[in-house]
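Residue numbers (UniProt numbering), protein chains in the order written: chain A, 1 to 404; chain B, 1 to 404.
Everything on this sheet refers to the single structure shown next.
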């Protein structure tokens with residue numbers, strides 16, 4: 001490992017410091033990192049070289065108490081003692097799905113569109129590699145004030161998904177989230193709690209026992225540094241990671257005008273499967289679900305595990321075999337996906353329409369296949385289009401040599 | 001009234017006799033009536049001049065016991081004693097919506113496609129003119145084995161619709177149907193029970209009290225002669241009239257693989273609003289509803305009266321003023337509907353695509369407007385396309401004279 005550049009200790013430290021200086025997902029910071037790397041970006045920000053006023057103020061406030069690099073060091077040592085690690089995009093275990101956030105545009109209708117870029121780093125407690133855990137994953141989320149009906153349905157769904165070896169991802173909250181985690185654990189399955197605070201102090205306290213179990217046999221994950229508090233706005237920022245890292249999201253119960261609408265509009269924009277469980281029209285906790293089904297034609301009504309697997313199952317088939325190396329990942333591709341992958345230029349990028357034209361497939365098919373290819377880590381979505389991921393390029397270059 | 005031709009006693013009698021000889025909606029009989037009139041068709045059928053074997057057999061069996069004209073006479077006298085009347089297409093009160101059945105093609109997916117033509121005549125108990133009763137009407141239908149939840153939701157919906165002066169149409173069955181009728185009556189509103197048997201012996205017996213109330217302050221309606229039994233296959237034949245005569249159909253509860261799928265596929269094919277109430281995924285009586293919502297993208301999830309009015313309300317606005325005469329009906333038209341009506345040729349027919357081209361409107365808009373124009377009785381759908389209805393032609397011919 002070199003002393004600087006992607007994946008180096010300096011890069012890792014800089015990403016942690018940047019996450020401390022500005023909330024995760026910040027558009028300006030992410031663009032700078034993409035252009036100049038994390039280390040240079042941190043230098044720039046600390047030097048006050050920031051065009052955007054809001055970010056400049058935020059950085060000034062956070063830099064006041066001391067050097068952000070020092071804060072990062074302390075956080076990293078604290079994490080080590082806790083058995084937590086920080087994962088960056090250069091790491092093999094980085095969950096490729098979150099990179100789709102780079103393409104997300106939520107200006108129309110989305111309330112928060114400033115903080116939707118991909119994470120710079122992820123803190124993790126639990127031994128399984130992140131990318132592996134998210135390979136076959138479904139988010140099951142919903143109201144904190146869940147009804148017995150909602151908890152019952154959640155328990156059924158999460159149990160069935162876990163039995164089918166799908167990772168059940170949720171936010172660790174009371175109600176639907178907790179029921180989803182608990183049921184996945186009860187089935188002997190795998191679950192990930194994506195937190196809006198430090199992995200050392202998972203919120204809410206009332207779920208402490210559950211979090212300990214998850215840390216042992218699942219994963220606790222967060223973008224925020226250990227010690228970070230679960231501030232209100234962080235839940236919305238966090239939600240984008242749940243939407244992007246998973247193959248689809250199931251909303252079980254949601255009150256009227258809840259965050260579910262924003263969550264689902266992101267899921268749809270990310271081309272992930274948006275699934276909603278209906279309920280009695282007389283239940284306030286199903287009003288939000290029915291709103292979603294009425295408002296977004298892309299959402300799919302689901303009532304059982306089979307329906308959910310219908311939606312995400314195709315992805316699952318292809319990913320059933322762990323697929324890491326370029327060739328290995330390509331071997332498992334269906335014909336359509338292989339055609340789409342072949343259409344992606346070896347250098348530079350192409351838009352979905354171009355890929356449709358080159359591959360001879362419909363645009364809709366191309367979009368679906370791109371999601372799969374992205375989940376497999378074979379392509380990346382950039383602001384200017386679709387590009388081959390490093391591992392796919394390697395495989396193209398050395399077709400006779402298994403990639404490292 | 002002349003002694004023969006549309007609307008004459010002979011025509012009326014012939015239509016009754018034909019409905020006795022072959023089940024309502026029979027495609028061959030309806031085509032013959034359209035080509036040669038009811039009286040000549042009856043002559044032909046009684047003379048055995050029938051190409052289709054199944055129809056020939058049916059007619060032979062029914063003609064055996066005696067002259068069908070005699071059966072018709074007896075039925076008409078029996079109806080008169082009962083205070084019932086028979087309504088034919090030439091009558092002012094004929095509900096125009098049912099003529100849309102002439103366009104219905106259900107070969108793909110529909111189980112019964114032989115008996116989907118428009119009715120030849122309708123038997124009615126109750127004083128309000130049929131066409132008037134159906135002008136602002138919504139069907140609320142569902143499972144006989146309704147749950148308390150389904151009955152509760154039905155009661156709410158039907159009450160609200162009745163309060164807004166929408167006619168609540170249903171099938172008179174136990175469960176959802178009965179709850180819909182009862183609630184409309186309780187609201188002081190108007191309700192129509194469309195029966196699959198004679199109006200003199202409404203089925204089921206257990207709803208006798210309800211049927212008496214409906215006959216007094218609403219309408220009992222049937223295609224079948226007084227005395228006809230509620231044979232199993234007749235419910236499916238009957239359902240097409242409910243779908244066609246109303247602006248939309250709400251399914252409240254339905255078991256898996258129930259008739260709801262067929263009903264809704266017809267509602268959609270007829271370009272009426274297809275609405276479904278969701279329920280707990282744990283309830284067997286909502287499985288069919290969720291099936292519908294998953295299977296037909298055209299169906300709309302509704303949870304309250306406002307949602308239903310959203311769907312059918314536009315039609316309601318235009319029809320809020322009773323619109324009978326051609327000019328009168330045209331006066332109330334919105335601009336798009338007026339453009340579509342102008343595009344319909346004064347003689348002959350045109351397809352929706354032609355109307356879209358002539359009016360400069362999108363095909364989807366044209367199709368929606370045609371439904372409205374049809375409900376207003378200004379156009380008729382024929383097998384070969386859309387034609388001006390008699391009253392619209394009259395208005396065109398005599399724009400300065402109020403039509404009779």
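Think of the CB as a built atom: it goes at the ideal place given N, C-alpha and C, for glycine as much as any other residue.
- In chain order, 290, 293, 294 make up the part of chain B whose C-beta sits under 7 Å from the C-beta of residue 301 of chain A.
- Cα atoms of residue 281 of chain B and residue 273 of chain A: separation of roughly 20 Å, rounded to the nearest angstrom.
- Taking 7 Å as the CB threshold, residue 131 of chain A stays off the interface with chain B.
- Per DSSP, residue 302 of chain A is not a residue of any beta strand (DSSP E), being assigned neither H nor E.
- Counting only unbroken stretches of 3 or more residues, the beta strand (DSSP E) elements lying wholly within the region 165–206 of chain A are 167–170, 191–195, in sequence order.
- Residue 285 of chain B counts as buried, since no fewer than 16 other beta carbons sit within 10 angstroms of its beta carbon.
- Boundaries around residue 249 of chain A are those of the beta strand (DSSP E), 248–251, since no alpha helix (DSSP H) includes it.
- When 8 Å is used as the limit between beta carbons, residue 150 of chain A is near no residue of chain B, the shortest such separation being about 10 Å.
- Here DSSP, grouped into helix, strand and coil, assigns residue 162 of chain B to helix.
- In the DSSP annotation of this structure, the continuous segment of the beta strand (DSSP E) that includes residue 382 of chain B starts and ends at 379–382.
- The beta carbon of residue 366 of chain A is closer than 7 Å to those of 340, 352, 355, 356, 359 in its chain, skipping five residues each way along the sequence.
- For the region 267–290 of chain B, residues whose beta-carbon sits nearer than 9 Å to a beta-carbon of chain A comprise 277, 278, 279, 280, 281, 282, 283, 286, 287, 289, 290.
- What residue 153 of chain A touches in chain B, judged by beta-carbon distance under 9 Å, is 280, 281, 282, going in chain order.
- Around the beta carbon of residue 61 of chain B, fewer than 16 other beta carbons lie within 10 angstroms, which makes this residue exposed.
- Contact of residue 304 of chain A with chain B by beta-carbon distance below 9 Å involves 281.
- Counting only the Cα atoms, residue 265 of chain A lies some 35 Å from residue 335 of chain B.
- The Cβ atoms of residue 215 of chain A and residue 134 of chain A lie no closer than 7 Å to each other.
- Within 10 angstroms of the beta-carbon of residue 381 of chain B lie 16 or more other beta-carbons, which makes it buried.
- Between residue 165 of chain A and residue 129 of chain A, the CB-CB gap reaches or exceeds 7 Å.
- In the DSSP assignment, residue 367 of chain A falls within the alpha helix (DSSP H) that extends over 363–375.
- Within the region 16–76 of chain B, the runs of alpha helix (DSSP H) that reach at least 4 residues and sit entirely inside it are, in chain order, 27–36, 38–46, 53–63.
- The alpha-carbon of residue 242 of chain A is positioned some 27 Å away from that of residue 9 of chain A.
- By the beta-carbon neighbour count (other beta carbons within 10 angstroms, threshold 16), residue 253 of chain A is buried.
- Here the region 227–236 of chain B makes no contact with the region 205–215 of chain B; the two share fewer than three CB pairs at distances below 8 Å.
- In terms of CA proximity to residue 97 of chain B, B/270 leads the group B/270, B/292, B/275, B/298.
- Residue 57 of chain B sits exposed, since fewer than 16 C-beta atoms from the chains shown fall within 10 Å of its C-beta.
- Residue state for residue 117 of chain B is assigned as coil, using DSSP reduced to three classes.
- Annotation: residue 17 of chain A to residue 372 of chain A spans about 32 Å, alpha carbon to alpha carbon.
- In the assembly as shown, residue 159 of chain B is a buried residue. Its beta-carbon has 16 or more other beta-carbons within 10 Å.
- Shortest Cα-Cα distance from residue 220 of chain A to any of A/198, A/141, A/103 involves A/198.
- Comparing alpha-carbon positions, the option among A/59, A/115, A/95, A/125 lying closest to residue 78 of chain A turns out to be A/125.
- Looking at the DSSP output, residue 86 of chain A shares a beta bridge with A/123.
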